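Every number in my numbering is 42 more than the matching position in the sequence shown, counting from 1. The block underneath contains the structure these notes are about, expressed in structure tokens.
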Amino acid sequence: MKIRTLAVTALLVAALTACSGGQELDLKSSAKPTPTESELSALAPAWQPKLDAAAEGAVATCQTPSSDACAEVLTDIMMVVNELESEIEAPGRGPYQESTKQIAKMQAATDKYVDEGCQGDPAANDPNSDCWGISAITVGAATLGMTLATDDLSQPM
């Protein structure tokens with residue numbers, strides 16, 4: 043059980059630290075030209091379904107923040123969020139200011155979940171526990187979808 047707990051925690055940490063900087067290096071070293079604004083499509087239509095799928099049942103699953111199931115769903119959500127962040131930071135893409143703020147909130151909540159040792163800690167299930175900050179992730183996935191749509195509308199044509 044401890045090995046699985048460590049593995050899931052490692053996945054959460056890896057999901058957070060999967061930084062776009064490494065992917066930027068790949069993008070810079072590739073021979074692909076920077077796409078023009080007209081070649082870049084709106085993000086919400088492609089990413090909203092991915093966020094919805096990753097977050098399906100997350101609120102119910104994370105009514106017990108200490109559970110392995112909650113840690114797994116948080117990992118799933120944050121993997122999608124980190125991939126989205128890389129897409130937002132792609133060369134030629136306009137600013138997605140509100141989406142970037144929402145992603146930062148979700149990453150901070152993930153950091154706190156890991157730092158507090160919430161997974162496997164029965165005290166995490168206390169409603170007064172700092173571990174309940176995970177709602178910034180579980181509910182945040184839906185919020186991120188809405189901010190993506192708003193940011194898409196503010197992009198130059």
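We treat Cβ as the ideally placed atom computed from N, Cα and C, and that holds for glycine. These figures come from a predicted structure and were not determined experimentally.
In the three-state reduction of the DSSP assignment, residue 95 falls in the helix class. With a 10 Å radius around the Cβ and a threshold of 16 neighbouring Cβ atoms, residue 161 comes out buried.
The residues 54, 100, 104, 152, 155, 176, 179 and 180, in chain order, have a CB closer than 8 Å to that of residue 116 in the same chain once the five nearest residues on each side in sequence are set aside.
For residue 186, the secondary structure class from DSSP, reduced to helix, strand or coil, is helix.
Relative to residue 134, the option among 145, 187 and 83 whose CA is nearest is 83. Assignment of residue 171 by DSSP, reduced to helix, strand and coil, places it in the coil class.
Counting along the chain, the unbroken alpha helix (DSSP H) around residue 142 starts and ends at 139-157. Where residue 131 is concerned, there is no enclosing alpha helix (DSSP H), because DSSP gives it neither an H nor an E. The DSSP-derived three-state label of residue 109 is coil. Secondary structure at residue 122: helix, using DSSP grouped into helix, strand and coil. Residue state for residue 181 is assigned as coil, using DSSP reduced to three classes. Just so you know, the alpha carbons of residue 187 and residue 158 end up roughly 27 Å apart.
Within the model, the alpha-carbon separation for residue 107 versus residue 136 is close to 36 Å. In this structure, the CA atom of residue 167 is about 16 Å from the CA atom of residue 114.
Taking all protein chains in view, the Cβ of residue 149 is crowded by 16 or more other Cβ atoms within 10 Å, so the residue is classified as buried. Rounded to whole angstroms, the separation of the alpha carbons of residue 174 and residue 129 is 29 Å.
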